[in-house]
Ligand code: GRG
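Residue numbers (the numbering used here): 1 to 296.
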């Protein structure tokens, strides 16, 4: 196993254990809701957002136990978005992370509540009074996550996505949507990891911001390619959904070959943003490689 692979496994394990501790026990009333929350969050997912938070945190000298909480808050928002995205009124998907989606395993009302409760739990975690000794910084972090998740971020991107079915978007319109739907939370993950540093260097923060914007978009381009090229078993979610639902994607708009080229260009731009930091940015650069070369 490479040094990077063992780093990834280590972060995935500590993310799982932090989330396991933060989520209410299944035996706590209301048991069905808590069981469903744990079902939706634990035991699956690549934890890309947590990995980004930790990699950015390492580059900025952040305190690891703070990054654990910041990363968990982003993973909770992400898990909520997947639960709601799978609902019949949205993407209507039966499979998520290789198992029945939350509303299929439980029921629609429970899945709605799971999303609601995961979202508020994320902010409960980030607003814990002992999370950070700099109250202003903590407020800025809460604000960042709220903006990234809301109608000018992820939820807004999802609204544009739902309204785009059957439309022939331009590449610029597609980018506008994905900067919000997928990119905003990925950017927030990296910035929150950096903001867990006691002494934050603004040059580093700006470079990470630039990196995260480019790699967030690359993540989506790769997602669109995988929807076409990968199979359901590898993805752990239904492949071919975009075409089935007549959704505009980077593949339908640019074609398969140009979508691959775009992913490579975005990757190169992301990596270039970190060049001044040399080996200190190595984990983020390894993650950029992982995000663009992944097959699930
Ligand atoms: C419902 C408000 C609301 C938002 C939903 C994230 C999202 C917005 C929808 C998911 C649909 C989708 C396939 C988006 C493309 C990129 C993406 C977020 C993929 C899933 O993220 P991964 O691959 O998932 O990081 P894992 O399971 O590994 O955590």
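Note that the Cβ used here is the ideal one computed from N, Cα and C, for glycine as well. Being a predicted model, the structure only gives us computed values, none of them experimental.
At what residue ranges does the region 250–278 contain a whole run of the alpha helix (DSSP H), taking only runs of 4 or more? 250–254 and 256–273
Taking just the CA atoms, how far does residue 60 sit from residue 277? Translated into positions along the chain shown, residue 277 becomes position 277. Translated into positions along the chain shown, residue 60 becomes position 60. Whole-angstrom Cα-Cα distance: 10 Å.
Ordered list of alpha helix (DSSP H) runs contained in the region 61–96, each at least 4 residues: 64–85
Nearest candidate by alpha-carbon position, reference residue 122, set 218, 149 and 244: Indexing the chain shown from 1 puts residue 122 at position 122. Selected option, being the one with the closest Cα: 149.
Grouping DSSP H, G and I as helix and E and B as strand, with all else coil, what is residue 171? Position 171 of the chain shown holds residue 171. Correct three-state label for residue 171: helix.
With distances taken between CB atoms, is the gap from residue 324 to residue 104 smaller than 8 Å? Residue 324 is absent from the model: the chain starts at 1 and stops at 296.
Hey, residue 41 and residue 79: beta-carbon distance below 8 Å or not? The residue you call residue 41 lines up with position 41 of the chain shown. The residue you call residue 79 lines up with position 79 of the chain shown. A contact, by the Cβ cut-off of 8 Å.
Would residue 234 and residue 296 be called neighbours here (beta carbons separated by less than 8 Å)? Position 234 of the chain shown, counting from 1, holds the residue named residue 234. Position 296 of the chain shown, counting from 1, holds the residue named residue 296. Contact flag set, yes.
Straight-line gap, residue 290 to residue 117 (C-alpha atoms, nearest Å): Locating residue 290 in the chain shown gives position 290, counting from the first residue. Locating residue 117 in the chain shown gives position 117, counting from the first residue. One C-alpha to the other measures close to 31 Å.
For the alpha helix (DSSP H) containing residue 294, name the first residue and the last one. Taking the chain shown and counting its residues from 1, one reaches residue 294 at position 294. Segment: none, residue 294 is in no alpha helix (DSSP H) and carries neither H nor E.
So what's residue 55 in DSSP terms, helix, strand or just coil? What you label residue 55 is simply residue 55 of the chain shown in a count that begins at 1. Three-state result, residue 55: helix.
Residue 101, buried or exposed, once every other Cβ within 10 Å from all chains shown has been counted against 16: Here residue 101 refers to the residue found at position 101 when the chain shown is read from its first residue. Under this definition residue 101 is a buried residue.
Would you kindly check if the distance between the Cβ of residue 226 and the Cβ of residue 192 is under 8 Å? Working through the chain shown from its first residue, we reach residue 192 at position 192. Working through the chain shown from its first residue, we reach residue 226 at position 226. No. Outside cutoff.
Ignoring anything shorter than 4 residues, give me the alpha helix (DSSP H) runs that lie fully in the region 189–232, in order along the chain. 202–229
Hey, is residue 81 close to the ligand GRG, as in C-beta under 7 Å from one of its heavy atoms? Position 81 of the chain shown holds residue 81. Result yes, Cβ under 7 Å from the ligand GRG.
Can you tell me whether DSSP reads residue 181 as helix, strand or coil? On the chain shown, residue 181 is found 181 positions in, with the first residue counted as 1. The answer is helix: DSSP assigns residue 181 an H, G or I state.
Considering residue 17, what are the terminal residues of the alpha helix (DSSP H) in which it resides? Numbered from its first residue, the chain shown carries residue 17 at position 17. Here the alpha helix (DSSP H) through residue 17 covers 3–22.
Rounded straight-line distance, which links the Cα of residue 203 to that of residue 281: Along the chain shown, one-based indexing puts residue 281 at 281. Along the chain shown, one-based indexing puts residue 203 at 203. Approximately 13 Å, taken between the alpha carbons.
Under the three-state reduction of DSSP, which class applies to residue 241: helix, strand or coil? Translated into positions along the chain shown, residue 241 becomes position 241. Of the three classes helix, strand and coil, the one that applies to residue 241 here is helix, per DSSP.
For the 8 Å Cβ check, are there 3 or more pairs between the region 259–277 and the region 25–33? no
I want to know whether the region 48–62 touches the region 205–220 - three or more CB-CB distances under 8 Å. yes
To the nearest angstrom, how far is the alpha carbon of residue 180 from that of residue 3? For the purposes of this step, residue 180 is taken as residue 180 along the chain shown, with counting starting at 1. For the purposes of this step, residue 3 is taken as residue 3 along the chain shown, with counting starting at 1. C-alpha separation (whole angstroms): 33 Å.
With three or more beta-carbon pairs closer than 8 Å as the criterion, would you say the region 18–26 touches the region 158–173? no
Distance, Cα to Cα, residue 155 vs residue 90? Here residue 155 corresponds to residue number 155 of the chain shown, with the count starting at 1. Here residue 90 corresponds to residue number 90 of the chain shown, with the count starting at 1. Rounded to the nearest angstrom, the two C-alpha atoms are 12 Å apart.
I want to check one thing, is the minimum distance from the CB of residue 201 to the heavy atoms of the ligand GRG below 7 Å? As a working mapping, residue 201 is identified with position 201 in the chain shown. Residue 201 Cβ: outside cutoff for every heavy atom of the ligand GRG.
Does at least one heavy atom of the ligand GRG sit under 7 Å from the Cβ of residue 90? For the purposes of this step, residue 90 is taken as the residue at position 90 of the chain shown. True, at least one ligand heavy atom lies under 7 Å from that Cβ.
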